[in-house]
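2 protein chains.
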Amino acid sequence: MLIVAERINASRKPIRAALEKLDAAAIQADARAQAAAGAHYIDVNGGTFPGREPELLCWLVETVQAVADLPLCIDSPDPAALAAALPKVKGGRPMINSISLEGERFERVLPLALQYRARLIALCQGETVPASTAEQKLDLATQLVERLTRAGLPIDDIYVDPLVFPLATESGSANATLDAIGEIMRRFPGVHTICGLTNVSHGLPVRKLINRTFLVGAIARGMDAAIIDPTDMQLMQALLAAEAVYGRDDYCMNYIGAYQDGKLA
Amino acid sequence: MLIVAERINASRKPIRAALEKLDAAAIQADARAQAAAGAHYIDVNGGTFPGREPELLCWLVETVQAVADLPLCIDSPDPAALAAALPKVKGGRPMINSISLEGERFERVLPLALQYRARLIALCQGETVPASTAEQKLDLATQLVERLTRAGLPIDDIYVDPLVFPLATESGSANATLDAIGEIMRRFPGVHTICGLTNVSHGLPVRKLINRTFLVGAIARGMDAAIIDPTDMQLMQALLAAEAVYGRDDYCMNYIGAYQDGKLA
């Protein structure tokens, strides 16, 4: 299970505040905590401060790299911000979050992924309306995988994110995403699937309970990467248990090791 | 989700001790707690005290009925014990736990189910070896459903239990059970599936975490009944969240109601 650590994102108030003050210590504390908690990639998102995103994203890359020896996931919808930040990435192949078929985004992000040999998160985002059904998500996934591999991106570097929408307004949204995950993994051997969790619980109480229940279901359907907060102990426990239950942890050795390390307490 | 409450079972030490002393208060405390926690059926299992099972099972039925206004699930592998206890059941249709294709059990339990109009748990237990694979479980489920419905039992009264074996020795055991659940629900519209959870975590640490992770996956595959301890708050929270996530709780109204009742705290 590839863990992309999500905490350094300008949509979170403490990160937005740290960006406004260029408070490196606050960012680095989050980077260290996520690395210690088992992250494989640290996502950095500089938000949408008007005109300043490229500069802030570069600052985040350098700030995080100063303390964490992990590859980074460069997170922006803006190809210009990605193009500014990617040359700053040292050591380890970067991940790009994300490409989609919207507007010029595909044509502008693809060359960056190829140039920097980046792993690439590919969003099943429709051009006009959200892709709500499993069929719509699968149709977009198919276009993305076919166009990316035809352009020379190895399928092993593609992480399809089928997106999930709030259950509170659409009871079938998690099922649609889970069905899409299962079918994408079946149809494209070698590809990866990934998802952020937080959207699913928008508007509901005790959101973390819903988020980890959704994660368990996604692991059951074959999802092999996730954009999560690895410092959330209960979430990580659910992840470890799900890998054991769904046959992705031979003889439950990881699970037992986590117990011995005190991580299930 | 039909909840069969499992605590009054002689395999648990406090219940065994209560049976030895005919300590009605201890049994009744468990019955009341389970009823208050949301049980739909209370399972009663009198264990295998040599020669005394029919007598003890009758005592359990009367002891529980004195305090709990819920139907009972009469739990014994011995048709003679079932035959003794079933006439004692007052109000509400009983459930029988269980029938299987082993030896004479099928021919002896079936008439009891028909006579008492009981709901019936049907175990996918092989005649000689455990049914480990999804195919073996499905084959046994098919035989059970076909023979029971042919004998006149309504399909809506059949609760197929595909059984689950410990992950610690068989990493694929939960997946086999979940695949069987999905296929049984697809193949036999109207039938129910049910499972006990505790076997899956045998030999592993933090068993309740594994148990509830398995329950989440089973709900995702369509299981609509479970033999569980409803006084386990975290398990019940996982159940409520799973019903919300997997589209079995319109607009998450049950989940939100449980939150408002303080059950998700």
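Chains as they are written, first to last, in our numbering: chain A, 1 to 265; chain B, 1001 to 1265. Even for Gly, the Cβ is constructed at its ideal location relative to N, Cα and C.
Would DSSP call residue i helix, strand or coil?
i, result
"residue 1231/B", "coil"
"residue 206/A", "coil"
"residue 1225/B", "strand"
"residue 1003/B", "strand"
If residue i sits next to residue j, beta carbons under 8 Å apart, how far is it from one beta carbon to the other, in whole angstroms?
i, j, result
"residue 1197/B", "residue 1228/B", "6 Å"
"residue 1035/B", "residue 1010/B", "Between residue 1010/B and residue 1035/B the Cβ distance is about 20 Å, and since that is not below 8 Å, they are no contact."
"residue 1070/B", "residue 1040/B", "7 Å"
"residue 1180/B", "residue 1138/B", "5 Å"
"residue 1190/B", "residue 1155/B", "4 Å"
"residue 64/A", "residue 31/A", "5 Å"
"residue 1072/B", "residue 1044/B", "6 Å"
"residue 1171/B", "residue 247/A", "5 Å"
"residue 53/A", "residue 47/A", "7 Å"
"residue 42/A", "residue 8/A", "6 Å"
"residue 1118/B", "residue 1148/B", "At roughly 12 Å, the Cβ-Cβ gap does not stay under 8 Å, so residue 1118/B and residue 1148/B are not in contact."
For residue i, collect the residues of the same chain with a Cβ closer than 8 Å to its Cβ; drop the 5 residues on either side in sequence, then sort them by chain order.
i, result
"residue 1174/B", "1164, 1167, 1200, 1214, 1217"
"residue 1125/B", "1100, 1101, 1102, 1131, 1140, 1163"
"residue 152/A", "114"
"residue 1089/B", "1061, 1065, 1071, 1072, 1074, 1116"
"residue 253/A", "none"
"residue 1210/B", "1167, 1200, 1201, 1204"
"residue 17/A", "23, 26"
Only counting the same chain, and skipping five residues up and downstream in sequence, which positions put a Cβ closer than 6 Å to that of residue i?
i, result
"residue 1225/B", "1002, 1159, 1192, 1194"
"residue 297/A", "Residue 297/A lies beyond the range of chain A shown here (1 to 265); nothing can be said about it."
"residue 1176/B", "1133, 1134"
"residue 1240/B", "1255, 1258"
"residue 1244/B", "1252, 1255"
"residue 1207/B", "1201"
"residue 249/A", "243, 255"
"residue 1268/B", "Only positions 1001 to 1265 of chain B appear in the structure, and residue 1268/B is not among them; the question remains open."
Residues in the same chain with beta-carbon distance under 7 Å from residue i, minus the five sequence neighbours each way, listed in chain order, please.
i, result
"residue 259/A", "none"
"residue 59/A", "22"
"residue 182/A", "221, 222"
"residue 1083/B", "1112"
"residue 1109/B", "1079, 1082, 1096, 1099"
"residue 238/A", "212, 215, 216"
"residue 1230/B", "1003, 1005, 1034, 1037, 1038, 1039, 1236"
"residue 178/A", "217, 218, 221"
"residue 93/A", "71, 117, 118, 119"
"residue 136/A", "126"
For residue i, return the contacting residues in chain D, with the cut-off set at a CB-CB distance below 9 Å.
i, result
"residue 181/A", "Note that chain D does not occur in the displayed structure, where the protein chains are A and B."
Checklist entry - If contact means a Cβ-Cβ distance below 8 Å, which residues of the region 214–228 of chain A contact chain B? => result Sequence-ordered contacts of the region 214–228 of chain A with chain B read 214, 216, 217, 220 [C-beta pairs closer than 8 Å].
Next on the checklist: List, from N- to C-terminal side, the alpha helix (DSSP H) runs of 4 residues or more that fit wholly inside the region 73–119 of chain A.
Outcome noted: Taking only runs of at least 4 residues, the alpha helix (DSSP H) segments lying wholly in the region 73–119 of chain A are 79–85, 105–115.
Next on the checklist: List, from N- to C-terminal side, the alpha helix (DSSP H) runs of 4 residues or more that fit wholly inside the region 114–198 of chain A.
Outcome noted: Runs of the alpha helix (DSSP H) inside the region 114–198 of chain A: 134–150, 173–187.
Next on the checklist: Ignoring anything shorter than 4 residues, give me the alpha helix (DSSP H) runs that lie fully in the region 15–80 of chain A, in order along the chain.
Outcome noted: Restricting attention to alpha helix (DSSP H) runs no shorter than 4 residues, the region 15–80 of chain A encloses them at 24–36, 53–65, ordered along the chain.
Checklist entry - Just by C-beta distance, which residues in the region 1021–1053 of chain B are closer than 8 Å to chain A? => result Along the region 1021–1053 of chain B, there is no position whose C-beta sits under 8 Å from a C-beta of chain A.
Checklist entry - For the region 238–258 of chain A, which residues have a CB atom closer than 8 Å to at least one CB atom of chain B, in sequence order? => result For the region 238–258 of chain A, the set of residues with a beta-carbon nearer than 8 Å to any beta-carbon of chain B comprises 238, 241, 242, 244, 245, 246, 247, 249, 250, 251, 252, 255, 256, in chain order.
Checklist entry - Quick one, which residues of the region 131–163 of chain A are near chain B if we go by CB-CB under 8 Å, in chain order? => result So nothing in the stretch comes that close.
Item to check | Positions along the region 1163–1176 of chain B whose CB lies within less than 7 Å of some CB in chain A | outcome: So the close ones are 1167, 1168, 1171, 1172, 1174, 1175.
Item to check | Proximal residues, the region 1185–1208 of chain B versus chain A, C-beta separation under 8 Å | outcome: When CB distances to chain A are screened at a threshold of 8 Å, the residues of the region 1185–1208 of chain B falling below it are 1200, 1204, 1205, 1206, in chain order.
Item to check | Members of the region 1005–1022 of chain B that neighbour chain A once the beta carbon cut-off is set at 9 Å | outcome: The region 1005–1022 of chain B vs chain A, Cβ under 9 Å: nothing.
Checklist entry - Of the residues that make up the region 67–84 of chain A, which ones have a beta carbon closer than 7 Å to any beta carbon in chain B? => result For the region 67–84 of chain A, there are no residues whose beta carbon sits under 7 Å from a beta carbon of chain B.
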